[in-house]
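Undergrad: In this note's numbering, the protein residues as written are 416 to 1268.
Have a look at this one:
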């Protein structure tokens, strides 16, 4: 896993570079402990031996402090505390956020026998869940099935659970430096040696029967974590290779992910003598597949890849890459995969196909109108779900004119899949903030009974109701995560134990999620905000002779704040100012510092102060005591003094932003055609909006044969889906990516989604003629047809002679035909349907066909 450096790393002498667990959780309580992550403890000074380890263990969610603001690093730790810490680590490596959720998902209450002394009725429910987790994971085994949670853990016991918990390995080529293993029980010696071999302990006298102090345990936990999660070494970004894979495609491989937009620019690539017609970036951003306009056949041709932005940092580019390439494709085409679902089979070849040759279905040659060839895919429609087929492809040629051997493909068509999965939720608690992380995006509803559909879900904390709205989405790039600050529920209390319930949520397809209730400890934040950094930006050309220029001073704190008070200039370019340089500030944190159209990361904690600055100057300011308040009402008791320097005004060329969104009425489905709907953007867009590859429907690529075209300008795009592409009624989520407006702005959040209510679009086909009596027969269809009293587009022949029926009625899903004269049971009956007015329940017209008996 990639590591993220911590502010406490400098205190961890001799340890590997520290890292945070991206999915770390914090237990509801550790004994009398509450969440104090990233905060100082009154009894742990920066000079303390284990200061860095303690603070980082807290950040990682492995440890917490006590309610009185202390950590008690010299206290011995009992087995209960270690059980909870290691259970916390196990859960952090999974998709779940709480002990309870992990136990429920893995059915541990049903499959793991509890320890005798920690039964399901134990007063500490969190310990019970944690004990199941560590027992199931093989970390704690107990003695005669007793956990002995109140006993202090010895150092040799600690060695065993750390090795088991972090899966530390016995290093054959490294010797243990521990010299007092004779004092350890034989069953623990190997575990102690493994700690030494991996650098988790560096002492020679391990003292195996001694107790473990809380500060020491923090160091052991951090070192074990660092061994289990070594820091990823990021190399200089560069192209690793460029290789031709067939007569139309080359693959460019990078050693790290590149920016998808920059890497998709065709002019970034050049192959001498060839024209690059397309560049497709892989999902992980590490490869780009290039397509040439004509056959790729070169000899010592120069290949150039220009510098490309990296995904991690757009200011860092890959090095220019050059090589000579010789290539000629001599390998014929072959089938790579088959996907058959609903009424469609998509056969994917291993390279683009120039000509498919002849295609036969179950021995019958298909006309070219019965399938579609597009690039690497051959799509056959009109199939029947749960039926088996054989497709033969004979004489297919690639773009180097290599002719394939006959290809036979056997498959069974699967039933169509409709989006019917319900949204699930996981939760975390930090102080008084409760975060709800849903498995997918939710739809807005009217849940609070007031006007408008503005709520995503209802949250009840104790007896107080909250509603999740756009205001609770803290990260604009992740619309599945909501945060509620329930500080109002505490009243005058410093912390409370309460129940939290979330309910009423529905996904974009209308599937409802189950209500979820859990126990939580909410604790008030009692620490004032700290100024983390400062910066400036010259917003206008400087005129040092006036004080009316308006520039920006950015103050970034360690949490969201309100700043209301005096900002005083103390010095400017070394000159002291004693009077007349006070600015009244009244601002709320949340500033788009980098101008990308989003407020994210540290910008959520940044306050902008508008004032006049001179170019290339140094300043010293101070904020008055009591002027900075965090969201919990904690204010700074002392003045905050800081230094800052200004730069020069830079004229910014016209920039593009991620601001493109769908219009107020994002989608309209054609009332007369099940397969047509129109999507509207809020601004005029480029031809990227009519590129099929830029959309998915119901989580799948658009069906082959889908047509996209602008209508009434360049804001609206009409989608025409191929017949039979929708095999079940329902709400399908349409997602757009890589669409750009005419000013170059990209989609906000990188994508746009909207639900589209579509009906089944499979045309019914006459399937069977059944004789009822000497003057009556019925026609069945592949699906029920709608009632129709007057039927047109029907021709009947009996024993080869045309007859005019006395009545033709569609009812009860089938067609009933009556004749004037009797016919014999052995007579042939032919019924031809041509441009008939017969429809199914979704207005799909019966296909033209002749059916016989």
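Yeah, the Cβ is synthetic: ideal placement off N, Cα and C, and Gly gets one too.
CA-CA distance, residue 1240 and residue 1222?
TA: Roughly 20 Å separates the two Cα atoms.
Undergrad: Name the one or two DSSP bridge partners that residue 638 has.
TA: Paired residues: none, contrary to the question.
Undergrad: Is residue 480 helix, strand or coil when you go by DSSP?
TA: Residue 480 falls in the strand class under three-state DSSP.
Undergrad: Compute the Euclidean distance between the alpha carbons of residue 893 and residue 530, then round it to the nearest angstrom.
TA: Between residue 893 and residue 530, the C-alpha separation is close to 41 Å.
Undergrad: If we ignore side chains and look at the alpha-carbon of each, how far apart do residue 1026 and residue 1056 end up?
TA: Straight-line Cα distance between these residues: approximately 17 Å.
Undergrad: Strictly by DSSP, which residues pair up with residue 553?
TA: BP columns for residue 553 are empty, so no partner.
Undergrad: Are the segment 1204-1224 and the segment 1242-1251 touching, with three or more C-beta to C-beta distances below 8 Å?
TA: Segments in contact, yes.
Undergrad: Residue 661 to residue 1175, Cα distance in whole Å?
TA: Cα to Cα, residue 661 sits roughly 39 Å from residue 1175.
Undergrad: Tell me the residue span of the beta strand (DSSP E) that contains residue 1172.
TA: Here the beta strand (DSSP E) through residue 1172 covers 1167-1173.
Undergrad: With three or more C-beta pairs closer than 8 Å as the rule, is the segment 898-918 touching the segment 933-950?
TA: Judged by Cβ distances under 8 Å, the segment 933-950 makes contact with the segment 898-918, as three or more pairs qualify.
Undergrad: Rounded to a whole number of angstroms, what is the C-alpha to C-alpha distance between residue 830 and residue 796?
TA: Their backbone Cα atoms lie some 14 Å apart in a straight line.
Undergrad: DSSP on residue 494, reduced to helix/strand/coil?
TA: Reduced to three states, the DSSP call for residue 494 is helix.
Undergrad: Suppose you measure from the CA of residue 756 to the CA of residue 810; what does that come to, to the nearest Å?
TA: Their Cα atoms are separated by approximately 26 Å.
Undergrad: Residue 992 by DSSP, collapsed to three states: which one?
TA: It is coil, neither helix nor strand.
Undergrad: Under 8 Å: do the segment 602-612 and the segment 649-669 share three or more Cβ pairs, one atom per stretch?
TA: No, they do not touch.
Undergrad: With distances taken from CA atoms, which of 924, 974 and 1163 is nearest residue 1113?
TA: That would be 924, whose Cα lies nearest to the Cα of residue 1113.
Undergrad: When you compare only the Cα positions, how much space is there between residue 511 and residue 517?
TA: Near 6 Å, if we compare the C-alpha coordinates of residue 517 and residue 511.
Undergrad: Would the beta-carbon of residue 1005 fall within 9 Å of that of residue 1019?
TA: Result yes, Cβ atoms of residue 1005 and residue 1019 sit closer than 9 Å.
Undergrad: With a 10 Å radius around its C-beta and 16 neighbouring C-beta atoms as the bar for buried, classify residue 508 as buried or exposed.
TA: Exposed.
Undergrad: Let me know if residue 575 comes out buried or exposed under the rule of 16 or more other beta-carbons within 10 Å of its beta-carbon.
TA: With 16 or more other Cβ atoms within 10 Å, it is buried.
Undergrad: If you run the structure through DSSP and keep just helix, strand and coil, what is residue 458?
TA: Looking at residue 458 - three-state DSSP - the assignment turns out to be coil, as it is neither helix nor strand.
Undergrad: Given this structure, state the Cα-to-Cα distance separating residue 1195 from residue 667, to the nearest angstrom.
TA: If you take the alpha carbons of residue 1195 and residue 667, they lie about 55 Å apart.
Undergrad: Measuring CB atoms only, is the segment 814-831 touching the segment 907-917, in the sense that at least three cross pairs come out at less than 8 Å?
TA: As far as the Cβ criterion goes, the segment 814-831 does not touch the segment 907-917, which means the pair count is below three.
Undergrad: Is the beta carbon of residue 935 less than 9 Å from the beta carbon of residue 918?
TA: Taking 9 Å as the Cβ cut-off, residue 935 and residue 918 do not qualify as a contacting pair.
Undergrad: Going by DSSP, what residue range makes up the alpha helix (DSSP H) through residue 677?
TA: Run containing residue 677: 675-678, per the alpha helix (DSSP H) assignment.
Undergrad: Rounded to whole angstroms, what is the Cα-Cα separation between residue 1009 and residue 1022?
TA: Spanning the two alpha carbons is a distance of roughly 13 Å.
Undergrad: Going by the DSSP bridge assignment, what does residue 1275 pair with across the sheet?
TA: There is no way to answer for residue 1275, as the model of the chain reaches only from 416 to 1268.
Undergrad: Enumerated in chain order, which unbroken segments of the beta strand (DSSP E) with a length of 3 residues or greater are wholly contained in the segment 585-663?
TA: Taking only runs of at least 3 residues, the beta strand (DSSP E) segments lying wholly in the segment 585-663 are 654-659.
Undergrad: Can you tell me whether residue 680 is buried or exposed? The criterion is at least 16 other CB atoms within 10 Å of its CB, across all chains shown.
TA: The residue in question, residue 680, is exposed, as its Cβ has fewer than 16 Cβ neighbours within 10 Å.
Undergrad: Going by Cα to Cα distance, which pick from 1058, 878, 875 and 897 is closest to residue 884?
TA: It is 897 whose Cα lies nearest to the Cα of residue 884.
Undergrad: Note down the Cα distance separating residue 1062 from residue 1031, rounded to an integer number of angstroms.
TA: Each residue's alpha carbon lies about 5 Å from the other.
Undergrad: Count the other CB atoms, across all protein chains shown, that sit within 10 Å of the CB of residue 1173; report buried if there are 16 or more and exposed otherwise.
TA: Answer is buried; the Cβ neighbour count reaches 16.
Undergrad: Can you tell which of 1129, 1111, 890 and 1161 has its C-alpha closest to the C-alpha of residue 1121?
TA: Ranking 1129, 1111, 890 and 1161 by Cα distance to residue 1121 puts 1111 first.
Undergrad: Taking 8 Å as the limit between beta carbons, can you name the residues of its chain near residue 1105, skipping five residues before and five after?
TA: Counting only Cβ-Cβ distances below 8 Å, and skipping sequence neighbours, we find 1123, 1124, 1125 and 1132.
Undergrad: Which of the three DSSP states, helix, strand or coil, is assigned to residue 440?
TA: Unreliable positioning characterises residue 440 in this predicted model, as indicated by a pLDDT of 33, which lies under 50. A coordinate reading is not provided.
Undergrad: Taking the alpha-carbon positions, what's the residue 812 to residue 749 distance?
TA: Distance between the alpha carbons of residue 812 and residue 749 is about 10 Å.
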